[in-house]
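> Numbering (my numbering), first residue to last: 35 to 177. A virtual CB, placed ideally from N, CA and C, is assigned to each residue, including glycine. Since the model is a prediction, treat every value here as computed from it, not as a measurement.
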């Protein structure tokens, strides 16, 4: 799954405090876990944590599940500059159940300062080192 995290510019807010904008871009998911079919639909959910506390959750529109699921969706989230070192993003791929059935989590990946996997932590550090450029990497989904 391609997760692009950038910090393209800052936005000036009323008291004069600058807040960076994180732009999370979901591209394409190759071979999502589980069989492809006509009925199942999937969506991605991006969850932002600051200091390990849930701050914001956003979802993509649902799409039919197939071998390659394309989202091509971006989310802009404003984060206080002093909190950038304590931000974590969790990207979860979910299959929506029929009717009122619960969702099924197909996989997830994490990017951020407190990430347990090396790739997610390295991606976050690369983004912080070059705040005005795009930092895109592919991530494997884990259960």
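1. Taking one C-beta from the stretch 144 to 161 and one from the stretch 119 to 126 each time, how about it: are there three or more such pairs within less than 8 Å?
2. Inspect the beta-carbon positions of residue 96 and residue 113 and report whether they are closer than 9 Å.
3. Between residue 26 and residue 79, what straight-line distance do the alpha-carbon atoms span, to the nearest angstrom?
4. To which residues does DSSP link residue 153 through a beta bridge?
5. Could you work out which residue in 91, 74, 152 and 57 is closest to residue 135 when comparing CA atoms only?
6. Just how far apart, CA to CA, sit residue 172 and residue 115?
With the structure as the only source:
1. yes
2. Here the question's residue 96 lines up with position 62 in the chain shown. Here the question's residue 113 lines up with position 79 in the chain shown. Cβ distance not < 9 Å, so residue 96 and residue 113 don't count as in contact.
3. With the chain covering 35 to 177 only, the question about residue 26 has no answer from this structure.
4. As a first step, residue 153 must be located in the chain shown, where it is residue number 119. Per DSSP, none; premise fails for residue 153.
5. By 1-based counting over the chain shown, the position of residue 135 is 101. Nearest of 91, 74, 152 and 57 to residue 135, Cα basis: 74.
6. Taking the first residue of the chain shown as position 1, residue 172 is located at position 138. Taking the first residue of the chain shown as position 1, residue 115 is located at position 81. Each residue's alpha carbon lies about 26 Å from the other.
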